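Structure first, commentary second.
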Amino acid sequence: MAERIEVEAPVLRKNDEYAAGNRQWFAERGIAVVNIMSAPGAGKTTLLEKSLPLIGERYSCAVIEGDLQTDLDAERIRKVGVRAHQINTTCCHLDARMVMGAAETFEASVPEVLFIENIGNLVCPASYDLGEHLKVTLFSVVEGADKPKKYPKMFRMSDCVVLNKADLLPYSGVALDELLANVHDVSPESAVFTVSARTGEGLREWVDWLAGRITRIRER
Amino acid sequence: MHETGIAADILEIANAQAALHGKARVAEVTVRLGDMSGVVAEALEFAFEVLRDGAASKARLELKRIPVLARCNVCQVETRPGADLILWCATCGRPLKVIEGEELTVESVVLEDDE
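Chains E and H, in that order, are what the protein sequence lines are. For the first sequence, this note's numbering assigns the number 1 to the initial residue and increments by one for each residue that follows. For the second sequence, this note's numbering assigns the number 221 to the initial residue and increments by one for each residue that follows.
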């Protein structure tokens, strides 16, 4: 005999449980956690290389790097004097359990701020709660003005959207006004910054916003 | 794409229900899938079919698509944003809250005994 059973189970419940555990672990140690997400090549590592020395004036930092292969990114972070742990995974995103495994490597001397550089992917990482305090979507302007409407979830759930590679705008055929309007449409409440991580343009405003948010998180 | 991992999670939930209720087979799994869940229905269906195992090795996946529904907490007006996905209140100009369309939930399973 066939029988229908009501289940009402969130599919990602297991990840959500791990994320809740992460949140508690971070809170007990006073760590503010920032998850940076973007498509591949948007400039996550470069943004970190340029932002870490500025944030580092106020807080001790460490970075979890996620990539399919190589520890090239962790090496780049270490070169600016910041501790880094590389995760290599064949997954298209980081999940809460992988992040805890990496965070525990800093247990002996925990940082005040932990950055997570997610796998380069504008879709999948948005579905996975890592127990972080802030979600940041990084987007390079050359990816096109229409993308926030095509991939709304990641923009929508981010506390902050950083538009990178502003120095390439004159060569890109992308209208910044149109891109800003599309970000604003799908994600009314995100803070938005336009920067060039390479030239340093706009970095100070983004770092000041981030430092302010980190201060508030750590005061809780 | 993460649809493979999501299909595996759905199958784990379905197989656990069969074990919990002492049933031999899962005939059907109904999943509510929001249009803004970030999950591609076709990719999920494909992954589910490939990964089906255990009591759910012949299960059918029923996807209930949920369109985006947003509410203005000031005007209490509910709207279904069109393809342009403007998530601002047309009346008062304040940001809208998405109240439906982000679902990724196993709603129910149909379980069967052996013949």
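Backbone N, C-alpha and C define an ideal beta-carbon position, used for all residues, glycine too. Model, not experiment: these values are computed from the prediction.
Tell me whether N235 (chain H) sits in a helix, a strand or coil according to DSSP, three-state version.
helix
In the segment 177 to 192 of chain E, which residues sit with their C-beta less than 7 angstroms from some C-beta in chain H, listed in chain order?
D185, V186, P188, E189
Quick one: what does DSSP say Q69 (chain E) is sitting in, helix, strand or coil?
Of the three classes helix, strand and coil, the one that applies to Q69 (chain E) here is coil, per DSSP.
Residues of the segment 318 to 333 of chain H whose Cβ lies closer than 8 angstroms to any Cβ of chain E, in chain order
V318, E322, L324, T325, V326, E327, S328, V329, V330, L331, E332, D333
Are any of the Cβ atoms in chain H nearer than 8 angstroms to that of R4 (chain E)?
yes
Own chain partners of Q69 (chain E) with C-beta closer than 7 angstroms, once the 5 adjacent residues on each side are dropped:
So the list reads N88, once near-sequence residues are dropped.
Which residues bound the alpha helix (DSSP H) around T45 (chain E)?
44 to 55
Counting C-beta neighbours from all protein chains within 10 Å, is the total for A32 (chain E) 16 or more, i.e. buried, or is it exposed?
Around the beta-carbon of A32 (chain E), 16 or more other beta-carbon atoms lie within 10 Å, marking it buried.
Can we count I87 (chain E) as close to the ligand ADP, meaning its CB is less than 7 angstroms from some heavy atom?
No copy of the ligand ADP appears in this structure; indeed no ligand is present at all.
Find out if the Cβ-Cβ distance for the pair V7 (chain E), E223 (chain H) is shorter than 8 angstroms.
no
Taking all protein chains shown into account, do 16 or more other C-beta atoms lie within 10 angstroms of the C-beta of V294 (chain H), making it buried, or fewer, making it exposed?
exposed
From S196 (chain E) to Y18 (chain E), what does the alpha carbon distance come to, in whole angstroms?
35 angstroms
Could you tell me whether any Cβ in chain E is nearer than 8 angstroms to the Cβ of D304 (chain H)?
yes
Min CB distance G258 (chain H) to chain E below 8 angstroms
yes
Taking the alpha carbon of R83 (chain E) as the point to measure from, which residue in E:T90, E:L94, E:V110, E:D177 has its own alpha carbon closest?
Here the closest residue by C-alpha is E:V110.
Just to confirm my understanding: we take F193 (chain E), look at its own chain, exclude 5 residues before and 5 after, and list those with CB closer than 8 angstroms. What are they?
C160, V161, V162, L163, G202, E205, W206, W209
Hey, V11 (chain E) and V113 (chain E) are a contact pair by Cβ (cut 8 angstroms); roughly how many whole angstroms apart?
Incorrect: roughly 31 angstroms between the Cβ atoms, too far for contact.
For C160 (chain E), decide whether its Cβ has a neighbour in chain H, counting only Cβ atoms nearer than 8 angstroms.
For C160 (chain E), no Cβ of chain H is located within less than 8 angstroms of the residue's own Cβ.
Nearest to Y128 (chain E) (by Cα), restricted to the options H:D334, H:L324, H:E332, H:V329:
Checked all of H:D334, H:L324, H:E332, H:V329; the closest Cα to Y128 (chain E) is H:L324.
Residue-level contact to chain H via CB, P40 (chain E), 8 angstroms cutoff
no
R300 (chain H) vs V288 (chain H) beta-carbon contact at 8 angstroms:
yes
P53 (chain E) versus I36 (chain E) - alpha carbon distance:
17 angstroms
Measuring straight from C-alpha to C-alpha, what distance separates L138 (chain E) and A310 (chain H)?
28 angstroms
Between the Cα of E248 (chain H) and the Cα atoms of H:W308, H:L283, H:I306, which residue gives the shortest distance?
Nearest C-alpha to E248 (chain H): H:L283.
According to DSSP, simplified to helix, strand and coil, what is G254 (chain H)?
strand
Terminal residues of the beta strand (DSSP E) in which I87 (chain E) lies:
Here the beta strand (DSSP E) through I87 (chain E) covers 83 to 88.
Alpha carbon of Y151 (chain E) to alpha carbon of D334 (chain H), nearest angstrom
44 angstroms
Any idea what DSSP makes of R156 (chain E), helix, strand or coil?
helix
Express the C-alpha separation of S51 (chain E) and D177 (chain E) in angstroms, rounding to a whole number.
25 angstroms
For chain E, check one thing: does any of its Cβ atoms lie closer than 8 angstroms to the Cβ of D229 (chain H)?
yes
Check the Cβ of L307 (chain H) against every Cβ in chain E and list those closer than 7 angstroms, keeping chain order.
D185, V186, P188
Over what stretch of residues does the alpha helix (DSSP H) that includes M98 (chain E) continue unbroken?
96 to 103
Compute the distance between the beta-carbons of E49 (chain E) and V80 (chain E), then report whether it is under 8 angstroms.
Cβ atoms of E49 (chain E) and V80 (chain E): closer than 8 angstroms.
Between the segment 116 to 124 of chain E and the segment 85 to 102 of chain E, can you find at least three pairs of beta-carbon atoms closer than 8 angstroms?
yes
What do you reckon, are the CB atoms on F155 (chain E) and V136 (chain E) nearer than 8 angstroms?
Contact flag unset, no.
Give a yes or no on whether 8 angstroms exceeds the smallest Cβ distance from P287 (chain H) to chain E.
no
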